[in-house]
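Visitor:
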Amino acid sequence: LNAMRTAAAPVTGNDRDVSAALDARPLALVLEDDVILADDFALRLRHLLEEEAPCDWAAISLHSLCPFGECVSRHLSRVLPDVNEPAERCRHGVNFGFYAMLYRRDGLRDLRDRLSRAVWDEDRPGCLDV
Numbered sequence: 081l082n083a084m085r086t087a088a089a090p091v092t093g094n095d096r097d098v099s100a101a102l103d104a105r106p107l108a109l110v111l112e113d114d115v116i117l118a119d120d121f122a123l124r125l126r127h128l129l130e131e132e133a134p135c136d137w138a139a140i141s142l143h144s145l146c147p148f149g150e151c152v153s154r155h156l157s158r159v160l161p162d163v164n165e166p167a168e169r170c171r172h173g174v175n176f177g178f179y180a181m182l183y184r185r186d187g188l189r190d191l192r193d194r195l196s197r198a199v200w201d202e203d204r205p206g207c208l209d210v
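Residue numbers 81 to 210, in my numbering, belong to the letters of the sequence shown in order.
1. Could you tell me the boundaries of the alpha helix (DSSP H) in which Val-199 lies?
2. Please report how far the alpha carbon of Leu-123 lies from the alpha carbon of Glu-131, in whole angstroms.
3. Hey, out of Arg-184, Gly-206 and Leu-129, whose CA is closest to Arg-169's CA?
4. Can you tell me whether Phe-178 is helix, strand or coil according to DSSP?
5. Using the beta-carbon count (16 or more within 10 Å), is Ile-140 buried or exposed?
6. Please report how far the alpha carbon of Val-159 lies from the alpha carbon of Gly-149, in whole angstroms.
7. For the alpha helix (DSSP H) containing Arg-126, name the first residue and the last one.
8. With distance defined between alpha-carbon atoms, name the residue in Leu-142, Asp-201, Ile-116 and Leu-195 nearest to Ala-108.
9. Bridge partners for Ile-116 per DSSP, in chain order?
10. Which residue comes first and which comes last in the beta strand (DSSP E) that contains Ala-133?
11. Counting along the chain, where does the beta strand (DSSP E) carrying Val-159 start and finish?
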């Protein structure tokens, strides 16, 4: 639990200290501004990461609307494209929401690159969700 607190705790100090501390943190938790965390959030998140998350996870949505995928554990599913939705629209219609996202920082560059290839594909302008 201390590792979780250290990974998620706010950082204060001068800019160099802040950058060094952030670089050392393995996880990035991004919340929408109106998210309210449950009192036992840290404990539940720790359980999710230690007991349920697959070894190869890059991002975990902690709350989604219309989730679509295959179950990998009691509380997690691996997001998959919904083949019932048109490919030219990037299978829009499922897996909505970025209310609370947890990212593994060492996989962010690869994740960004994969998402960018899909979102900025000139052959599929419907993938740019504007």
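For glycine and all other residues, C-beta sits at the position ideal for the given N, C-alpha and C.
The structure displayed is predicted, hence computed values, not measured ones.
Guide: Put simply:
1. Position 119 of the sequence shown, counted from the first residue, corresponds to residue 199. 188–199 is the extent of the alpha helix (DSSP H) around Val-199.
2. Here the question's residue 123 lines up with position 43 in the sequence shown. Here the question's residue 131 lines up with position 51 in the sequence shown. Within the model, the alpha-carbon separation for Leu-123 versus Glu-131 is close to 12 Å.
3. Walking along the sequence shown from the start, residue 169 turns up at place 89. It is Gly-206 whose Cα lies nearest to the Cα of Arg-169.
4. The residue you call residue 178 lines up with position 98 of the sequence shown. DSSP places Phe-178 outside both helix and strand once states are collapsed to three, so it counts as coil.
5. On the sequence shown, residue 140 is found 60 positions in, with the first residue counted as 1. Result: buried.
6. As a first step, residue 159 is located in the sequence shown; it is residue number 79 there, counting from the start. As a first step, residue 149 is located in the sequence shown; it is residue number 69 there, counting from the start. Straight through space, the alpha carbons of Gly-149 and Val-159 are spaced by roughly 4 Å.
7. As a working mapping, residue 126 is identified with position 46 in the sequence shown. 121–127 is the extent of the alpha helix (DSSP H) around Arg-126.
8. Mapped onto the sequence shown, residue 108 falls at position 28. Taking the Cα of Ala-108 as reference, the smallest distance to any Cα among Leu-142, Asp-201, Ile-116 and Leu-195 is reached at Leu-142.
9. By 1-based counting over the sequence shown, the position of residue 116 is 36. Beta-bridge pairing by DSSP links Ile-116 to no other residue.
10. By 1-based counting over the sequence shown, the position of residue 133 is 53. Element bounds for Ala-133: n/a, residue is neither H nor E.
11. For the purposes of this step, residue 159 is taken as the residue at position 79 of the sequence shown. 157–159 is the span of the beta strand (DSSP E), which, as asked, contains Val-159.
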